[in-house]
Amino acid sequence: MNTRPCVPLHALATHLEQQRGVLVRRWIRAVRADPALERIRGLSIAQMFDGVPPILEEVAELLRSGGETVVPPARGDHARAHARARWRLGYRFDDLYRELDLFQRCLRQLAREFFSQGNWDRDVQAAAHQVIENFFSAATHAAIRRFAEEQSAHVGTVNRQRDDTARALERVEERLRMAASAAGLGIFEWHVPTKAGVWENRLMYAITGRPESLGPLSCHAFVRELAHPDDAEMLIRRYLQAMDSRDEFHCQFRIRRLDDGSVRYVEMHGRFRSDAHGAIESFVGTLADVTRRMLAEQSLQEADRKKDAFLATLAHELRNPLAPIRTAAAIIRKQQTVEGDEVHSIIERQCAHLARLIDDLLDVSRIGTGKIRLQRGTMDLRQAIRDAVEINLPKAREHGQAIDLSLPDEPVWVDGDSTRLIQIFSNLLDNALKYSDDGKRVRLAAGVSQQVVQIVVADQGMGIPTSLLASLFEPYVQLAPASSRARSGLGIGLSVVRNLVDMHGGRVSALSEGEGRGSTFVVTLPLAAEAPSAAPGGVEPRPAAGQDGRAVRRILLVDDNHDALDAMAMLLVDHEIRRAADAGEALALVADFPAELAILDIDLPDMSGYELARELRRSPGMERAVFVALSGFGTPEDVARSRAEGFDHHFVKPVDPEELLRFLGDAEPGGAARVLN
């Protein structure tokens, strides 16, 4: 989860650096409490602390690099220096291994605490933990190699200690094997000139399913007999690249176990070793079975995919019945009676509220997985604020509330997505009105200062307890309701606000002096680098559909929801209408009725709206018709597909009747531009 993980990993790195004191205290407590590290307890705090800050800096640098999974050989120098200092203090290898393992655990705990405070995607969390794991794995291997090199040099210069050193190396190797076994690592060596293989521990046989009696496999035999056919070429390519560059080797691939033929995911780390003349002598590496981890990651990805599919289907099923309800409300309003206006207002408000809940629910999911893309452009922020106020005015009037608006006289140019900015301020106003009593006032003011614009939404409502201020922007967090209408909503509107503000490069905060003292939300956004050039003038706006003099249009309506079909036909009663409940009926109708506009439901029983549109365009007289998609699916992918299939517009149910009428009034058959919302 893709460039998106880079931002949270960078934030995690900063958090770990800021929490260095906490990390060190936890680590020292863990080391001193571990009975296996008895000899370490005699060290001073300064001796224990030695090397920790540089190691932490290396971990933070690796996180900021974007979460690369292969640790470059240049990194880990401080871990090697730390290991060398420990051995000079009398450490055993297993002491160092245990100490570094405790340090890694403390880092993981801080990472988990960091992620628990934000709405971070599971893929981001997995990437962070993988970076930490890879670093300590590489650092441990580097420390082992450093120790072996020092011991070898010692043997070369002090011959009288040769036997003792050899025995020490054997003990180190045995401890390494024990540590590797505990970590589930198989250790092996491939001798490059002879192509012979050496498997240092039994885990190599356990991972691969090869009987110990048959002995180890050479490099070529390993690839030929074990590597999955689809991964073998990639494994060979990576191996040869590492041989040429002398870089650290890392590769995840699949093998077929030799005993039962089952497919397992494995991870190989290693490095080429050179002789005194610089020629490659051997490849030393480790092999780990990571099947459980890979399956867990795949399971998380599949769960996310199913969740997105479920939410999209749920939204579609909820929007479908809303469509005829909203259209029927517009028809009632056209009767121009007091009762009709009141009924229309009630239905329109509730439909808009349900539609907003659906959008917020989908937005939380899309933002969390990085699927929202802003359609940015230089715009006057004042208009987005006015539109948000207009959306919330009916609700305010219903409860005798007032919205006091204060905006600068000059345009406030920002680089933003108009729809999303309206959503931000509409959500904040909705919250302010919802948590305020009838008759109260809400203030919305904007001011420009030092290349930023600050927007304040302040209410006289129930206030926010101090204990909730820190978590208020998390999903599903809600205040205890003070009224029945305060109970409405899913508790996700403020989470959407925070994420959308972040995506615009701004910040949002909440202030309150406590319960019963009202609340203030402050949004800060950067100003655009420059104002847009003046738009050409002299063009009069086109009149909306339904005005006097507007030509009657031939319109084809296709929807398998009969209530929606009837309501839409009643709304468009001034035009010449033909209705069809499926694609077959629609194709039969156009033989005698070449429509100027076709409004098609996408989810039809006999064929999709996309297929129907293609068939209708082939019908005589409809080559230049305007095609409108009408669907309960409204993701960016759905809109993009409508564009690709040649639709002129994509309306998401429940469509605003006034917006539909305006579009139909302006639409010109055969027009070159195809604009979609």
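Counted the way full-length UniProt numbering counts, the sequence shown spans residues 1 to 677. Here a beta-carbon is modelled for each residue, glycine too, at the ideal position from N, C-alpha and C.
**Request:** Starting from the Cα of S608, find the closest Cα among L630, R618, L589, F593 and give me that residue.
**Result:** L630
**Message:** So, at 7 Å on beta carbons, what are the nonlocal neighbours of V223 in its own chain, with the 5 sequence-adjacent residues on each side left out?
**Reply:** A232, L235, I236
**Prompt:** Who are the Cβ neighbours of E125 in its own chain at under 7 Å, not counting the five residues just before and after it?
**Reply:** This sequence places Gln at residue 125; Glu is not what is there. The answer, listed in chain order, is F115.
**Message:** I need the DSSP call for A599, collapsed to helix, strand or coil.
**Reply:** Note that residue 599 corresponds to Ile in the displayed sequence, not to Ala. Strand.
**Request:** Have a look at D123 and Q130 and give me their C-alpha separation to the nearest angstrom.
**Result:** 10 Å
**Prompt:** Looking only at DSSP bridge pairs, what is P526 linked to?
**Reply:** Looking at the DSSP assignment, P526 forms a beta bridge with V452.
**Request:** For L587, I'd like the list of residues in its chain whose CB is within less than 8 Å of its CB, leaving aside the five on either flank, ordered along the chain.
**Result:** L612, E615, L616, S619
**Request:** Tell me whether P229 is buried or exposed, calling it buried when 16 or more other Cβ atoms sit within 10 Å of its Cβ.
**Result:** exposed
**Request:** Could you check what DSSP says for G186 in three-state terms: helix, strand or coil?
**Result:** strand
**Asked** Comparing alpha-carbon positions, which option in D121, A384, A531, F473 lies nearest S418?
**Response** A384
**Prompt:** At which residues does the beta strand (DSSP E) containing Q252 begin and terminate?
**Reply:** 249-256
**Prompt:** For M243, does the three-state DSSP call read helix, strand or coil?
**Reply:** helix
**Message:** Quick check on residue 691: does DSSP put it in helix, strand or coil?
**Reply:** Past the boundaries of the shown model lies residue 691; the chain is included only from 1 to 677, so the question cannot be answered.
**Request:** Return the chain-ordered list of same chain residues with a C-beta closer than 8 Å to the C-beta of A432, the five sequence neighbours on each side being excluded.
**Result:** The answer, listed in chain order, is V442, V457, A458, D459, G461, S519, F521.
**Asked** I think L421 touches N392, with their Cβ atoms under 8 Å apart; what is that distance to the nearest whole Å?
**Response** About 15 Å separates the two Cβ atoms, so there is no contact after all.
**Prompt:** Contact between the region 206-214 and the region 254-270: three or more CB pairs below 8 Å?
**Reply:** yes
**Message:** I need the DSSP call for G609, collapsed to helix, strand or coil.
**Reply:** helix
**Request:** Using beta-carbon positions only, say whether D656 and V628 come within less than 8 Å of one another.
**Result:** no
**Among V639, V590, G632, L600, the one whose alpha carbon lies nearest that of G621** = V590
**Message:** So, at 6 Å on beta carbons, what are the nonlocal neighbours of Q19 in its own chain, with the 5 sequence-adjacent residues on each side left out?
**Reply:** L110
**Asked** Under three-state DSSP, which class holds S137?
**Response** helix
**Request:** Along the alpha helix (DSSP H) that carries R265, what are the first and last residues, could you check?
**Result:** In the sequence as presented, Arg is not what sits at residue 265; that position holds Tyr. Careful: Y265 lies outside any alpha helix (DSSP H), inside the beta strand (DSSP E) at 263-274.
**Item:** Distance CB(I255)-CB(L226) smaller than 8 Å
**Value:** yes
**Prompt:** Would you call K653 buried or exposed, if buried means 16 or more other Cβ atoms sit within 10 Å of its Cβ?
**Reply:** buried
**Message:** Determine whether the beta carbon atoms of V284 and Y265 lie at a separation below 8 Å.
**Reply:** no
**Request:** Hey, could you find the ends of the alpha helix (DSSP H) T208 is sitting in?
**Result:** For T208, the enclosing alpha helix (DSSP H) begins and ends at 203-208.
**Message:** So, at 6 Å on beta carbons, what are the nonlocal neighbours of H399 in its own chain, with the 5 sequence-adjacent residues on each side left out?
**Reply:** D438
**Asked** Going straight from the alpha carbon of R26 to that of C106, what length do you get?
**Response** 7 Å
**Message:** Taking only three categories from DSSP, how would you classify residue 678?
**Reply:** This structure does not reach residue 678, given that the chain is present from 1 up to 677, and the question cannot be answered.
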